[in-house]
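>
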Amino acid sequence: MVGSECLFCKIVDGRIPASIVHQDEQVVAFRDIAPQAPVHMLVVPKLHIPSLEALEQEHQALVGHMVLVAQKLAREAGLAENGYRLVLNCGRDGGQTVFHLHLHLLGGTSLAGRMA
Ligand code: AMP
Numbered sequence: 003m004v005g006s007e008c009l010f011c012k013i014v015d016g017r018i019p020a021s022i023v024h025q026d027e028q029v030v031a032f033r034d035i036a037p038q039a040p041v042h043m044l045v046v047p048k049l050h051i052p053s054l055e056a057l058e059q060e061h062q063a064l065v066g067h068m069v070l071v072a073q074k075l076a077r078e079a080g081l082a083e084n085g086y087r088l089v090l091n092c093g094r095d096g097g098q099t100v101f102h103l104h105l106h107l108l109g110g111t112s113l114a115g116r117m118a
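Just so you know, this note's numbering puts 42 at position 40 of the sequence shown, and the rest follows in order with no gaps.
(1) Compute the minimum distance between the beta carbon of LEU57 and the heavy atoms of ligand 1, and state whether it is under 7 Å.
(2) Less than 8 Å between the C-beta atoms of LEU90 and LEU49, yes or no?
(3) Which complete beta strand (DSSP E) runs does the region 52-97 hold, if anything under 3 residues is left out?
(4) If you reduce the DSSP assignment to three classes, tell me which class ILE22 lands in.
(5) For a quick check, are the C-beta atoms of LEU107 and VAL41 less than 8 Å apart?
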């Protein structure tokens, strides 16, 4: 899918609405529309990268930034003490449904013992 037709590119561009919780030069973060935990946010690069499999060496700093933004959001949501989970689904068997790289931040309840 080309970037202009991509759901998350449309959110990044403001063409469709989202509950945005963070925005900077590199990423946008917003609440997941179908939360799987009391806190469920997505950290999305502004650059259209279809999946983890499309990452190149040049994206190394961007991926690090995504993780640190997720950490910041987790702390702001009060999750730091009890913990939280970051998930990055890759491809069909990995459960990826939106083909624009994104990091899930899940927390606010115990996820121990649940891998999916
Ligand atoms: P994945 O299955 O890893 O590709 O995750 C895609 C996520 O995007 C799912 O958790 C969806 O609930 C979420 N999602 C889909 N459409 C929207 C939307 N318009 N706004 C926010 N989250 C969305």
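Just so it is clear, CB atoms sit at the ideal spot from N, CA and C, and this is done for glycine as well.
On the basis of the supplied data:
(1) no
(2) no
(3) 86-89
(4) strand
(5) yes
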